[in-house]
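Accompanying notes for the structure given below.
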Amino acid sequence: MSKFRLLSWVSLLIIASMLLAACAPTATEVPPPPTEAPATEAPVVTEAPATEAPIEPPPPAEAKVVTFIWTQEFDTLNPLYTQMWFVTALFPVYVCQAWWFDDQNSPIPNLVTEIPSVENGSISEDQRTITLKLRDDIVWSDGTPITSADFKFTYDMLMADGNAVASRSPYDLMASLETPDERTVVVTFPEPYAPWLSSLFSGSSGISIVPAHILQPVFDAEGTIDTAEWNTAPTVSCGPFVFDEWQSGSFARFVANDNFWLGRPKLDELFFRFVPDDASMIAALVAGDGDVGTFFAYSDVPQLEEAGITILNSFSGFNEGWYINMHPEKGNPALKDVRVRQALAYAFNREKLVQDVLLGLTNVAATDYDNSPWIDPSITPYPYDPEKATALLAEAGWTDTNGDGTVDKDGVELVLKYGTTNREVRQDTQAVAQQDLAAVGIGTDLQSYDSDLFFSSYAEDGPSANFSLDIIEYSDAPNFPDPDSSVWRCSEIPTDDNPVGVNTSGLCDEKLEALFVQQESQVDFNERQQTLYEITRYIFDQAYWIGIWQDPDLFGFSNRMINVKMSGAIPFFNIAEWDVTP
Amino acid sequence: MTRYILRRLLQAIPLLFIISLVLFILMQNMGDPLATMGGRKVTRTEDRIRLARQLGLDKPILVQYVYWLVGNDWAKTDMDGDGVAETSGTRKGVLRGDWGISLVNRQPVTKVVGERLSNTLLLMVTAEAVIIIAALLIGIYSALNQYTAVDNVITAATFIFYSMPVFFFALLAMYIFAVNFKKWGLPYLPTVGMFEPAAGQTPAQVAWHMVLPVATLSFGFIAGYSRYIRSTMLEAMGQDYVRTAKAKGLPRREVVYIHALKNAALPIVTIIALDLPFLLGGAIVTERIFGWPGMGRLFLDHVSRSDTAVVMGILMMIAVAVIVFQILADVTYAWLDPRIRYK
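See the structure below:
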């Protein structure tokens, strides 16, 4: 009897848990696509011939649902509180910005009527004031008009001390944000601010506006919107899709926004399934349980392609390369000689690495600015030339005097400490590089770390920031598509006084610093491009950074998906156009 | 017995206090929560300083612990960075039922944990039930049929399954029963998740999606537990009281299930009692591979972002559960073995 009771209790518990789990809101029925023709088109009326038998109403169209296999769950959906790629990549899905970037990384208006420029008068002559002219037809998903007040409110929320927002950049650099009327937003900077295009209410690292009519009452009542319900359930938003449901750890669902001013999207629903394991993501895509996945290992690509998955590269400014430790005191003295740095580039057969390890799916990177308009087009990667590497080393005084296979100078052997994260492809790269460098007499001491440990700050004694390594491998694109980068700035060298500095190579080159300062205030694209050409050429010639491979974000799409285009800056910029084959 | 339970509960209070302090200090060494707030780029220096101030991460560790424990509504905080503490705190502290706010999503810890608990219990309780039932059946069968061909096959199989890593079994099962079965045109299981978006979250869908995770969670434990049961049953079956029961002419079923199994179950109770608290913690590897939204994944996600409030919430919940289940195990011991008396 007791055993029977025990079993009964266990069974009841299981059933109760199952019901609890299943009691969460069930799949939302997606409304069928509107049957009315767009307002701009004249309605077509067809009369049924009287002689024909009554036609049975067609079965309701099956909802067009696209399933994303998303390896990281969102932290929050409030764009003010997140910099997480797995959320910012979805900005074009559920929020709106002043402009997006297309597949050529060119800006395309979203909330504004035109992209500001000096020519159209939206940028002042002194280049300090930028005016955003808003469209007349923009509305939140609940039908409330989007006005300049929403921009002002977003700005105020960013700057409010009660709100622990993710970043205030570049809003804390502004002198003012004014809204002379409902359709105009005027932003003034104290100095010309060149990166405005990729960060002013735009860009993946920028900010999307938030609805004042929803969040203002929350802020007034609580003095903060940190814990607002809208942050995890933005049921009123302004993208082509609108939030419907998010079940922690399991899935999130966005449905078509019927009030989207550019027209209802072609898909009815986007379903994001959170699957943190890479191997499971691959299995789910291969099995057809998902339509979209991303961040594949290169070695998984053949299997995906065999299963009919189309791979699209999104060049988001990331280029894998070696940052050479140039710290004035802590850097390896051998690497202060440009000839030794260039020898590293000539000695490493990166073309072979790209073919063998990365399956030829990308290219050798020449500079940190590859696949952007900022790289001097005359730059090509250093070719593989071990003889030249040996000659450069000899010219710099490094030869193998004791016959142990490693070059030396003044009794010191050239052995470099080379560290990166323990990502598989990086460890493979280390092994190949070690072999190639050894062939010209350069020894390497390989180090690999967990990613969070490797990227810990100087204050945390992170190996990428404490100057204990001679070669530091990773990729970085802080403000893509903007070229501004603090990793080369003298003021960003980590020190005891500035333990969170991001210049992990410790380089402070006067000429480079002057060029970076110059481009900071060049609002004119062409002028700035010329300065960046000079910067990229200089870094390349000095071999301060040695490129390994261009590191695009790999996206996979099932073969039923059509109209998909990818932007490096805003991957899903045309998601409203995506469709599936019947 | 009541006095014994009360005494054990009172002893648990200082123990939990010490556990919380140790865990809190260890958590501070898990990484920098601000480092991950910049997404793919390094958190800007100005933002780092501001966030540390607003989130109270610039305070000494013991002050942070005190705030976590008793709240900070009695203290003032400098929110605007002018060096003057002007804003009253809002946290009430764990002792007043406020487990804090997650650094990752700014949601209350109780909500964050609560959203996952039912999913974890569903998966883990089902798996535990499967484990216990299957292990009992296999263990008893093996003990009653010692050294037969079937017993030898079971023994070999249990050793194979016991030594197989969970992730390997999980991925192998996924590729065979989900990916390849589909490719071969056979009835197939789903790869990941709790339900199909088109079908919705129905009990049938959830049950269907549980098959592979439950199988993965169970196989190793069934193998291990069945060996324990086999050996304890073999020992019990050789005891005088079993011989006496047989000599009295009791039916074999009664001899095995009432006299032998009840006595053989004592060590199993200890093992299961140790397992039960960790049911709340979920299964990190299995949940990760099958995309099951449970506590294991929650723990991993928030540890990786150094989210002290959520991680402390989960760990303290498990600590309490360990203590409670240990007391329950002691009570069960007394029920199973009349010779045991607690004072």
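Protein chains in written order, with the numbering used here: chain X, 1334 to 1915; chain U, 2 to 344.
Cβ atoms here follow ideal geometry from the backbone N, Cα and C, with glycine treated the same way.
Keep in mind it's a predicted model, so treat the numbers as computed, not measured.
Sub-8 Å separation of residue i and residue j beta-carbons
i, j, result
"Asp-1622 (chain X)", "Val-193 (chain U)", "yes"
"Asp-1803 (chain X)", "Lys-1750 (chain X)", "yes"
"Phe-1628 (chain X)", "Asp-1886 (chain X)", "yes"
"Tyr-1717 (chain X)", "Glu-1757 (chain X)", "no"
"Gly-1752 (chain X)", "Ser-1781 (chain X)", "yes"
"Ser-1808 (chain X)", "Tyr-1656 (chain X)", "no"
"Ile-141 (chain U)", "Leu-262 (chain U)", "yes"
"Phe-1576 (chain X)", "Ala-1589 (chain X)", "no"
"Ile-6 (chain U)", "Ala-310 (chain U)", "no"
"Ala-1612 (chain X)", "Val-180 (chain U)", "no"
"Ile-1542 (chain X)", "Thr-1462 (chain X)", "no"
"Leu-1572 (chain X)", "Val-1745 (chain X)", "The sequence shown places Gly at residue 1572 (chain X), rather than the Leu named in the question. Taking 8 Å as the Cβ cut-off, Gly-1572 (chain X) and Val-1745 (chain X) do not qualify as a contacting pair."
"Thr-1864 (chain X)", "Leu-1845 (chain X)", "no"
"Asp-79 (chain U)", "Val-85 (chain U)", "yes"
For residue i, the nearest candidate out of the options (CA to CA)
i, options, result
"Tyr-1504 (chain X)", "X:Asn-1836, X:Pro-1525, X:Ser-1532", "X:Ser-1532"
"Leu-1600 (chain X)", "X:Asp-1815, X:Thr-1828, X:Glu-1395, X:Pro-1827", "X:Glu-1395"
"Gln-29 (chain U)", "U:Asp-338, U:Ser-307, U:Asp-331", "U:Ser-307"
"Ile-290 (chain U)", "X:Val-1625, X:Ala-1620, X:Val-1608", "X:Val-1608"
"Phe-1574 (chain X)", "X:Asp-1670, X:Gly-1596, X:Ile-1558", "X:Gly-1596"
"Tyr-1414 (chain X)", "U:Ala-224, U:Pro-204, U:Gln-108, U:Ala-246", "U:Gln-108"
"Leu-1491 (chain X)", "X:Ile-1479, X:Arg-1461, X:Ala-1545", "X:Ala-1545"
"Val-1445 (chain X)", "X:Phe-1800, X:Ala-1764, X:Val-1472, X:Gln-1437", "X:Val-1472"
"Ala-216 (chain U)", "U:Ala-157, U:Ala-284, U:Met-2", "U:Ala-284"
"Gly-1916 (chain X)", "X:Phe-1522, X:Thr-1627, X:Arg-1501, X:Pro-1598", "Absent from the structure is residue 1916 (chain X), since the part of chain X shown begins at 1334 and ends at 1915."
"His-210 (chain U)", "U:Leu-190, U:Gln-12, U:Phe-222, U:Gly-221", "U:Leu-190"
"Ala-1902 (chain X)", "X:Arg-1586, X:Phe-1813, X:Val-1520, X:Ala-1566", "X:Phe-1813"
"Gln-206 (chain U)", "U:Phe-196, U:Val-212, U:Leu-213", "U:Phe-196"
"Ile-132 (chain U)", "U:Phe-168, U:Gly-82, U:Val-114, U:Tyr-226", "U:Tyr-226"
"Thr-1464 (chain X)", "X:Gly-1536, X:Val-1451, X:Arg-1606", "X:Val-1451"
"Val-1569 (chain X)", "X:Leu-1694, X:Pro-1478, X:Asp-1553, X:Asp-1815", "X:Pro-1478"
"Gly-1626 (chain X)", "X:Lys-1397, X:Ser-1632, X:Phe-1605, X:Thr-1828", "X:Phe-1605"
"Ala-208 (chain U)", "U:Ile-324, U:Ile-273, U:Asn-120, U:Glu-255", "U:Asn-120"
"Thr-1512 (chain X)", "X:Asp-1489, X:Ser-1797, X:Phe-1484, X:Ala-1499", "X:Phe-1484"
"Asp-1436 (chain X)", "X:Phe-1905, X:Thr-1732, X:Asp-1912, X:Trp-1529", "X:Phe-1905"
Reduced DSSP secondary structure (H/G/I, E/B, other) of residue i
i, result
"Leu-1465 (chain X)", "strand"
"Val-193 (chain U)", "coil"
"Asp-1886 (chain X)", "strand"
"Arg-1683 (chain X)", "helix"
"Trp-1579 (chain X)", "strand"
"Ala-1370 (chain X)", "Residue confidence is low: Ala-1370 (chain X) scores 33 on pLDDT, short of 50, so the model does not pin down where it sits. Its coordinate-derived value is still stated next. Ala-1370 (chain X): coil per DSSP, three-state reduction."
"Gly-115 (chain U)", "helix"
"Arg-1606 (chain X)", "strand"
"Arg-244 (chain U)", "helix"
"Gln-1636 (chain X)", "helix"
"Trp-1403 (chain X)", "strand"
"Lys-1742 (chain X)", "strand"
"Tyr-163 (chain U)", "helix"
"Pro-1376 (chain X)", "Residue placement at Pro-1376 (chain X) is poorly supported in this model, since its pLDDT is 32, which falls under 50; the coordinates are not used for a value here."
"Phe-1584 (chain X)", "strand"
"Val-1913 (chain X)", "strand"
"Glu-1860 (chain X)", "helix"
"Pro-109 (chain U)", "strand"
"Met-1334 (chain X)", "Low per-residue confidence applies at Met-1334 (chain X): pLDDT is 41, beneath 50, and the placement is therefore not dependable, though the value from the model is reported in the following sentence. Coil."
"Val-325 (chain U)", "helix"
"Pro-1382 (chain X)", "Because the pLDDT at Pro-1382 (chain X) is just 38, under 50, the model does not fix this residue reliably, and the value given afterwards should be weighed accordingly. If DSSP states are grouped into helix, strand and coil, Pro-1382 (chain X) belongs with coil."
"Tyr-1782 (chain X)", "strand"
"Thr-1828 (chain X)", "coil"
"Asp-1514 (chain X)", "strand"
Residues bridged to residue i (per DSSP)
i, result
"Ile-1441 (chain X)", "X:Trp-1433"
"Gly-1626 (chain X)", "X:Gly-1889"
"Thr-1754 (chain X)", "X:Tyr-1782"
"Gly-1839 (chain X)", "None; Gly-1839 (chain X) has no bridge partner."
**Request:** Would you check if there are 3 or more beta carbon pairs closer than 8 Å linking the region 154-171 of chain U to the region 306-320 of chain U?
**Result:** no
**Item:** Cβ contact check for the region 1884-1904 of chain X and the region 1572-1586 of chain X: 3 or more pairs under 8 Å
**Value:** Counting C-beta pairs with one atom in each stretch, the region 1884-1904 of chain X and the region 1572-1586 of chain X have fewer than three that are closer than 8 Å, which means they do not touch.
**Request:** Decide if the region 1643-1658 of chain X is in contact with the region 1867-1878 of chain X; the criterion is three or more beta carbon pairs, one per stretch, under 8 Å apart.
**Result:** Yes: the two stretches touch, three or more of their Cβ pairs being nearer than 8 Å.
**Prompt:** Would you call the region 1892-1910 of chain X and the region 1634-1647 of chain X in contact, with 3 or more CB pairs under 8 Å?
**Reply:** The region 1892-1910 of chain X vs the region 1634-1647 of chain X: in contact.
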